[in-house]
Ligand SMILES: [Zn+2]
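In this note's numbering, the protein residues as written are 17 to 61.
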């Protein structure tokens, strides 16, 4: 049996969902601020 879903940390923001930009933080564009990698990198039809 496989585990249902394993969430992987976003390497871009290290799972925080935010990126430090100077003295402020912005939402990570790669994961969209979730801190985790998107479920599927390639959208399937
Ligand atoms: Zn991210």
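Glycine included, each C-beta is placed from N, C-alpha and C at the ideal position.
Could you give the DSSP three-state label for residue i: helix, strand or coil?
i	result
residue 40	strand
residue 25	strand
Who are the near neighbours of residue i in its chain, counting only those whose CB is closer than 7 Å to its CB and skipping five residues on each side?
i	result
residue 26	44, 46, 47, 51, 52, 53
residue 41	34, 35
Thinking just about the alpha-carbon of each residue, which of the options is nearest to the one in residue i?
i	options	result
residue 35	49, 23, 20	49
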